[in-house]
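Novice:
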Ligand code: HEC
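Residue numbers (the working numbering): 46 to 235.
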């Protein structure tokens, strides 16, 4: 085996790991990438579930897959990635003080006409526990979200029944397209 042949796998491994390393040193880039990955993965699974079984089947996908995908991306990226909302469906999706402020800021910017793609905030927060990088990206309601998050007329009865059983304290209804549904929130201890 030639030298070049022997070192080729190592060079390849370095080439693959370099962008990840760069992202680690810049938490904003890493958080952006993680949030985009979550948007893309969840969006894809939602489309597939809605196409194959309609919104009734998709409830199960959202219920089981959304938390699983979020946990998987957290594991992969080494950051704490979640979705929260001031009108949450998942009882654990409650914003903390920083997230509540981020939601208020993003709602104002959305109302002022800013495009959903650029609606993000980030900060380095220092408290007794040390330094934490915080990031929030807006999740804006689309027409296809309404069969599970819209008004009473938008949500089919079969879906309502499923939601009532799984989420007795559901607050995530009554949304219209263009409204802020919640945020992707990311934390990383620095
Ligand atoms: C088929 C029903 C269904 C559709 C369609 C749907 N969702 Fe949900 N959504 C759910 C369920 C069920 C949960 C709770 C699952 C969880 O724990 O994350 C949820 C939770 C969420 C949450 C987490 C915060 C919370 O309220 O608990 C966000 C954010 C969210 N949905 C946004 C959206 C957006 C944006 C769309 C459209 C692109 C959408 N959803 C479409 C069923 C749906």
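Built from N, CA and C at the ideal position, the CB exists for glycine as well. Here the structure is a predicted model, which means the values were calculated and not measured.
Quick check: does the Cβ of residue 147 come within less than 7 angstroms of any heavy atom belonging to the ligand HEC?
Specialist: Incorrect: residue 147 has no Cβ contact closer than 7 angstroms to the ligand HEC.
Novice: For residue 177 and residue 161, what's the separation of their Cα atoms in angstroms?
Specialist: The straight-line gap from Cα to Cα measures roughly 25 angstroms.
Novice: Report the partner residues of residue 231 according to the DSSP bridge assignment.
Specialist: Looking at the DSSP assignment, residue 231 forms a beta bridge with 126, 180.
Novice: Please work out which residues of its chain come closer than 7 angstroms, Cβ to Cβ, to residue 100, disregarding the five sequence neighbours upstream and downstream, and give them in chain order.
Specialist: Counting only Cβ-Cβ distances below 7 angstroms, and skipping sequence neighbours, we find 192, 193, 201, 204.
Novice: What is the rounded straight-line gap between the Cα of residue 229 and the Cα of residue 82?
Specialist: Between residue 229 and residue 82, the C-alpha separation is close to 11 angstroms.
Novice: Between the alpha carbons of residue 134 and residue 219, how many angstroms are there, rounded?
Specialist: Each residue's Cα considered, the two are about 12 angstroms apart.
Novice: What I want to know is whether the C-beta of residue 214 ends up closer than 7 angstroms to one or more non-hydrogen atoms of the ligand HEC.
Specialist: Answer for residue 214: no, Cβ out of range of the ligand HEC.
Novice: I'd like to check one pair, residue 117 with residue 106: are the Cβ atoms closer than 8 angstroms?
Specialist: No, the Cβ-Cβ distance between residue 106 and residue 117 is not below 8 angstroms.
Novice: Find out if the Cβ-Cβ distance for the pair residue 217, residue 132 is shorter than 8 angstroms.
Specialist: Against a cut-off of 8 angstroms, the Cβ pair of residue 132 and residue 217 comes out as a contact.
Novice: Is residue 112 close to the ligand HEC? I mean its beta-carbon at under 7 angstroms from any heavy atom of the ligand.
Specialist: It does: the Cβ of residue 112 is within 7 angstroms (strictly closer) of some heavy atom of the ligand HEC.
Novice: Give the straight-line distance between the Cα atoms of residue 123 and residue 156, rounded to the nearest whole angstrom.
Specialist: If you take the alpha carbons of residue 123 and residue 156, they lie about 33 angstroms apart.
Novice: What do you reckon, are the CB atoms on residue 14 and residue 179 nearer than 8 angstroms?
Specialist: Outside the shown range of the chain, which is 46 to 235, sits residue 14, and nothing can be said about it.
Novice: Given that a residue counts as buried once 16 or more other Cβ atoms are within 10 Å of its Cβ, and exposed if not, what is residue 104?
Specialist: Its Cβ being crowded by 16 or more others within 10 Å, residue 104 is buried.
Novice: Are there any heavy atoms of the ligand HEC lying less than 7 angstroms away from the beta-carbon of residue 97, as far as the coordinates show?
Specialist: Checking the Cβ of residue 97 against the ligand HEC gives no.
Novice: Using only the heavy atoms of the ligand HEC, determine whether one of them is closer than 7 angstroms to the beta carbon of residue 86.
Specialist: Answer for residue 86: no, Cβ out of range of the ligand HEC.
Novice: Taking only the alpha-carbon atoms, compute the straight-line gap between residue 24 and residue 234 and give it to the nearest angstrom.
Specialist: No answer is possible for residue 24: the residues shown for the chain start at 46 and end at 235.
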